[in-house]
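Those protein sequences? They're chains A and B, same order as listed. To convert, count from 1 in the first sequence and add 1; that's the working numbering. To convert, count from 1 in the second sequence and add 1; that's the working numbering. Contents: one structure, followed by commentary.
Protein chains: 2
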Amino acid sequence: MMTRIGRATLRLENPPAIVGYAAIGGKKEGEGPLGGAFDQVHADTTFGETTWEKAESRMQKDTVHKALDKAGLSPSDIHYVFSGDLLSQIISSNFGLREFGIPYVGLYGACSTMAESLGLAAVAVASGAAERVIAMTSSHFATAERQFRFPLEYGGQRPPTAQWTATACGCAVVAAEGRGPRIRQVTFGRMIDYGVTDQNNMGAAMAPAAADTLQAFFEDTGSGPRDFDLIVTGDLGYVGSHLLGKLLEREGILLEERHTDCGILLYDRAKQDVHAGGSGCGCSAAVLCCYLLPQLAAGKWREILFVATGALHSPVSLGQGQSIPGIAHLIHLTAGGEA
Amino acid sequence: MMTRIGRATLRLENPPAIVGYAAIGGKKEGEGPLGGAFDQVHADTTFGETTWEKAESRMQKDTVHKALDKAGLSPSDIHYVFSGDLLSQIISSNFGLREFGIPYVGLYGACSTMAESLGLAAVAVASGAAERVIAMTSSHFATAERQFRFPLEYGGQRPPTAQWTATACGCAVVAAEGRGPRIRQVTFGRMIDYGVTDQNNMGAAMAPAAADTLQAFFEDTGSGPRDFDLIVTGDLGYVGSHLLGKLLEREGILLEERHTDCGILLYDRAKQDVHAGGSGCGCSAAVLCCYLLPQLAAGKWREILFVATGALHSPVSLGQGQSIPGIAHLIHLTAGGEA
C-alpha cells in the first residue's frame, strides 16, 4: 500500500518493480552517446509509414511489443496502459495503442508524461488496482515541429536556447511481482509559472517546476541530494539545468555533480547540432528505458531520482499572450531485485 | 483499499464520498431542462474574458471555487487535481487550474474525461494516496468548434447526426471521509474502433465503446441493468444511444427505460436546435454535478452507472484518413450518506 508523507510525496510500502522496459529511437538519437543502448534505432524516421504522426504511433506500438517481449508478457497480461504525448488530442498514443485492447488511461503532461505515467502506474499497482501495467510516452521531431512551431519545409531558424525534440519512445512494464528496479516514492508536482513566454526557451519555463518538486520531495522525506547517486531531470537541457542549479542554490540545496538531465545525455553537444539539448516526451522516456533502468538493474546505481519536466502551452495559448507554466513529477527509483 | 474483479473492474472496499460538486454553464445550457440546477449560468459565454479559450479556463477556475465552497474546503485541503479537456495540450485545464498550486495530473480522454478523472480520483483516495482530490473537466462550444471543425464565423452547416458541444464545466471533490454519494466500483475502458470516419457522427463512433465497457462491468460484477435505477451514458446523444441499445441487445443485455444519456438530458430537443443532442466533456460533467449527484445525495436514486464516452480523434488524424476510436469509462455510484 502507500503512505502520504509531507506535502506531496507518496511512499510505496511494497514498491512495484519495473519488470520490462524498452526504447526505440530515430536516426539522430542512434548517432548520439546512448545510440547503442536503444533496443532499436530506425535510420528511416518515417518508420515505414506515410505520415510523421503515423510514424510516431508506430513507434509506440513497436516499443510496447519490445517491452512486453523483454518482460516475457503478452498484452493480455497488462491491466492498464497509461500513455500520452505532445500532439493535439494525443493521437500518437491513441492510434499507437488502439489495437492492443488494454484498458487505456490517456494523459497530457507535455514532456513530464513519462514520470506522470510511471507515478500513476505505481499507484495502480501498489494499491492493488492492477498487477501489471504499462507506462509510456513518445515524441517525434517532425510531428512536434508541425504541432508547435513550423512545418519542416519552412526551414525556420532555431535560437541558441531552443532544444531538439527527440524522435524516441520509452515503455516501462510495472508489476507487483517480479525482478527489476523498484519505484519507492512518487511526488506529483504542481504548475509553476515564472512568466516565460519564449517558446524557444522551454528550459527556462520548466526549471522552476523542477526546483519546486525537488524541494518538496527533499522536505517531505527529510532527504537531500547526497542521499542519491544520481538526480536526472528531463528535459531541461543546458539552459534549464543551469537555472535549476541556481534556483535550488538559493534555497540552500546543492545538486552538484549528482545532477544531470535527459536532454543533455541523449545527444553529443559537440558533434550533433541540438543547441540547448534534447527535449520531447520521448527524450526522458527513452533515456530512462535504455540507460537509467538498465544501470539500476545492473546495480551500478542504488538510488536515483527521475524528474520529468513539462512545459504546458500550445500555439493557441501562446498566440493569446499566455505565459508557459512548467510542471515536474518525481519518481524515486532503486536498484533491481525481486519485488 | 480495492479489489480487482473480472477483466476490468475495481471494487472500492471503503468507497470514497463525493463531498462537494458544482456545475457552471453557458446561456444555452441555462435555457435547457437542467438550467435551474446549475450552480451558475452565464448569459455571456465569454465569461468576461477576451478569448473563448480564456473563457473556458475561467469557467474551470470558477467551478473549482464553487465546489470547494460547497464542500467547506479550501484549495490547500486538496491533494491532487485530475483534469483535462478537449483542446490541444489541454490548455483550458492548464490555465484554469494554474494558480491553485495543487499537484496536477493532466488527462486527455476526450468526452470520457469526467469518468476518467473520477476513476483516478477514486483510486487515489481509496488507496490512501490522498485524502481529498478534485476530478473535473469542461468544454466550450466556441473553443471546440475552432479546435475540431471551423471557426464560428465560417457558419458551417451541421448535419442531423451532429451534436452540440456544451459550454459547461463540472467539478467533484472526492474524499475518504465525509457525506455524499459514494464511488463503489470503477471500470476503465479500452479503445474500440468500428471504423467510423464521420466527425459529425460522434455518437456512432462512441457507442461501441460504451457497449464494451458496460458489458465488461456486467460480466465482472455478475450484475445486470435491472440492478440499477439509472444507467447514464454521455455523450452519445440520440444517434449513439439508439446504437448502444442495439449493440447490447445483440449480447442479450436490455437497458430499456433505465438508460438515458447526458447529451439527451442537457437540452430540450423540441425547443433547442441541438440536432443529435449535447456533447463535449462538460456535458456529462455538468449533468453529473448538477443533476445526478444531487439526486443521489437526496436519495431519489440508490444505484446508478455513469458511463462517460470519448471520441479519440483530431483534425490531423481525420485528415490523414484515420477512423475514430471510442472509449468509455464507468463509475458505479450509490446514494449519499456518511463515508
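Every residue gets a Cβ at the ideal spot worked out from N, C-alpha and C, and that includes glycine. Computed from a predicted structure; not experimentally measured.
Backbone CA spacing between residue i and residue j [nearest angstrom]
i	j	result
residue 102 of chain A	residue 328 of chain B	11 Å
residue 21 of chain A	residue 285 of chain A	17 Å
residue 34 of chain B	residue 13 of chain A	47 Å
residue 219 of chain A	residue 190 of chain A	13 Å
residue 282 of chain B	residue 273 of chain A	43 Å
residue 251 of chain B	residue 209 of chain B	12 Å
residue 231 of chain B	residue 71 of chain B	25 Å
residue 339 of chain A	residue 215 of chain A	With a pLDDT of 47 at residue 339 of chain A, under the threshold of 50, the modelled position of that residue is not reliable, and the figure given next carries that caveat. Whole-angstrom Cα-Cα distance: 28 Å.
residue 181 of chain A	residue 104 of chain A	24 Å
residue 90 of chain B	residue 109 of chain A	7 Å
residue 170 of chain A	residue 60 of chain B	35 Å
residue 87 of chain B	residue 95 of chain B	12 Å
residue 98 of chain B	residue 313 of chain A	12 Å
residue 315 of chain B	residue 265 of chain A	32 Å
residue 128 of chain B	residue 289 of chain A	27 Å
residue 256 of chain A	residue 111 of chain B	40 Å
residue 143 of chain A	residue 150 of chain A	10 Å
residue 310 of chain A	residue 234 of chain A	7 Å
residue 317 of chain B	residue 6 of chain A	43 Å
residue 145 of chain B	residue 213 of chain A	33 Å
residue 276 of chain A	residue 262 of chain A	14 Å
residue 117 of chain B	residue 106 of chain A	7 Å
residue 196 of chain A	residue 319 of chain A	12 Å
Backbone secondary structure at residue i - three-state DSSP
i	result
residue 66 of chain A	helix
residue 193 of chain B	strand
residue 96 of chain B	helix
residue 102 of chain B	coil
residue 2 of chain B	coil
residue 313 of chain B	coil
residue 324 of chain B	coil
residue 280 of chain A	strand
residue 149 of chain A	helix
residue 164 of chain A	coil
residue 180 of chain B	strand
residue 107 of chain A	strand
Per-residue contacts from residue i into chain B (C-beta, under 8 Å)
i	result
residue 109 of chain A	85, 90, 91, 107, 108 and 109
C-beta atoms of residue i and residue j nearer than 7 Å
i	j	result
residue 201 of chain A	residue 152 of chain A	no
residue 156 of chain A	residue 207 of chain A	no
residue 336 of chain A	residue 8 of chain A	no
residue 205 of chain A	residue 244 of chain A	yes
residue 84 of chain B	residue 137 of chain B	yes
residue 333 of chain A	residue 306 of chain A	yes
residue 187 of chain B	residue 122 of chain B	no
residue 25 of chain A	residue 64 of chain A	yes
residue 30 of chain A	residue 139 of chain A	no
residue 130 of chain A	residue 11 of chain B	yes
residue 46 of chain B	residue 27 of chain B	yes
residue 238 of chain A	residue 300 of chain A	no
residue 79 of chain B	residue 135 of chain B	yes
residue 168 of chain A	residue 141 of chain A	yes
Interface partners of residue i on chain B, CB under 7 Å
i	result
residue 55 of chain A	321
residue 3 of chain A	128, 129 and 130
residue 96 of chain A	318 and 323
residue 125 of chain A	124
residue 9 of chain A	104
CB contact check: residue i to chain A, cutoff 7 Å
i	result
residue 130 of chain B	yes
residue 194 of chain B	yes
residue 13 of chain B	no
residue 329 of chain B	no
residue 313 of chain B	yes
residue 99 of chain B	yes
residue 20 of chain B	no
Chain-ordered chain A contacts of residue i [CB-CB under 7 Å]
i	result
residue 81 of chain B	189
residue 117 of chain B	106
C-beta neighbour in chain B for residue i, strict 7 Å
i	result
residue 77 of chain A	no
residue 59 of chain A	no
residue 201 of chain A	no
residue 52 of chain A	yes
residue 197 of chain A	no
Chain B contact residues for residue i, given Cβ-Cβ distances below 9 Å
i	result
residue 326 of chain A	95, 96 and 99
residue 102 of chain A	191, 192 and 193
Neighbouring residues, chain A, relative to residue i (Cβ below 8 Å)
i	result
residue 287 of chain B	In chain order: nothing, as chain A lies at least about 21 Å away.
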